[in-house]
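Numbering (full-length UniProt numbering), first residue to last: 1 to 256.
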């Protein structure tokens, strides 16, 4: 994980230190961003598409459902720097994130909370306009309270012309980032990590898992004898996955 993300994780842990030993390993909660404007309009040419109005409502409902299931357990929230992912994070997890990341008139609780970390490795795959991020200065104009945007590389959104590494290699790179982030969480009562990302990344790090827009699945990060990392569905995640097999929730939405 980049040094800037490590600094944010360290900041988060310093606010939530506790003496009791962990009673259970922390979970990784993969969140797919809520409905984007490009999903709604079926238009891949909308550059770094924001959430639709329905997507904003979707993100709000996601946050309420998530808190009901995982209250006071999250020590880090890590997001793709795409607009739709940042919006999903800020709307869904306002009960978790520190109020300093919101405009002063938002009425968000002032209690110390988690600082949102932004990781370009979580951006959507492909070079379609809807899957291409925005320059840092544009993001700062949209999210002026997010000072951590200044830590992004100025060229973070430029997709490399070379071929990407094979999917298994990309999977291990991202999972190692999450492993390091989890190791940096010193409060055993807040050792869960929320990851807000896209369909392509979810398919890379959790092959075979389908998450509709604005929903999440919970996993445990495990390592085999050879040191290979993987995500295994937690018990509640298995139940949710089974419910998805029994109904089609895609609604014809454009993916990503």
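Cβ atoms here follow ideal geometry from the backbone N, Cα and C, with glycine treated the same way.
Simplified DSSP assignment, three categories, for residue i
{"i": "residue 75", "result": "strand"}
{"i": "residue 40", "result": "helix"}
{"i": "residue 66", "result": "helix"}
{"i": "residue 193", "result": "strand"}
{"i": "residue 148", "result": "helix"}
{"i": "residue 159", "result": "coil"}
{"i": "residue 35", "result": "coil"}
{"i": "residue 220", "result": "strand"}
Residue i classed as buried or exposed, judged by whether at least 16 other C-beta atoms fall within 10 angstroms
{"i": "residue 110", "result": "Because residue 110 carries a pLDDT of 48, less than 50, the predicted location of this residue cannot be relied on, and no value is offered for it."}
{"i": "residue 98", "result": "buried"}
{"i": "residue 21", "result": "Low local confidence applies: a pLDDT of 47 at residue 21 is under 50, so the model's placement there is unreliable, and no value is given."}
{"i": "residue 163", "result": "exposed"}
{"i": "residue 153", "result": "exposed"}
Sequence-distant residues of its chain with Cβ nearer than 7 angstroms to residue i (five each side left out)
{"i": "residue 234", "result": "27, 218, 219 and 220"}
{"i": "residue 38", "result": "44, 46, 49, 130 and 254"}
{"i": "residue 65", "result": "none"}
{"i": "residue 33", "result": "84, 85, 88, 196, 198 and 213"}
{"i": "residue 167", "result": "204"}
Integer-rounded CB distance, given that residue j should sit under 8 angstroms from residue i
{"i": "residue 200", "j": "residue 62", "result": "Contact doesn't hold; Cβ gap of about 20 angstroms is too wide."}
{"i": "residue 197", "j": "residue 80", "result": "5 angstroms"}
Own chain partners of residue i with C-beta closer than 8 angstroms, once the 5 adjacent residues on each side are dropped
{"i": "residue 175", "result": "205, 221, 229, 230 and 231"}
{"i": "residue 246", "result": "For residue 246, the predicted model reports a pLDDT of 49, less than 50, meaning its position is unreliable; a value from the coordinates is still stated below. Nothing listed; no residue qualifies."}
{"i": "residue 242", "result": "Note that residue 242 scores a pLDDT of 49, beneath 50, so its modelled location is shaky; the value from the coordinates is reported in the next line. Excluding residues within five positions, none has a Cβ falling inside 8 angstroms."}
Beta carbon of residue i nearer than 7 angstroms to that of residue j
{"i": "residue 74", "j": "residue 96", "result": "yes"}
{"i": "residue 134", "j": "residue 192", "result": "no"}
{"i": "residue 84", "j": "residue 36", "result": "yes"}
{"i": "residue 136", "j": "residue 146", "result": "no"}
{"i": "residue 78", "j": "residue 117", "result": "yes"}
Sequence-distant residues of the same chain with beta carbon closer than 6 angstroms to residue i, five excluded per side
{"i": "residue 60", "result": "91"}
{"i": "residue 159", "result": "127"}
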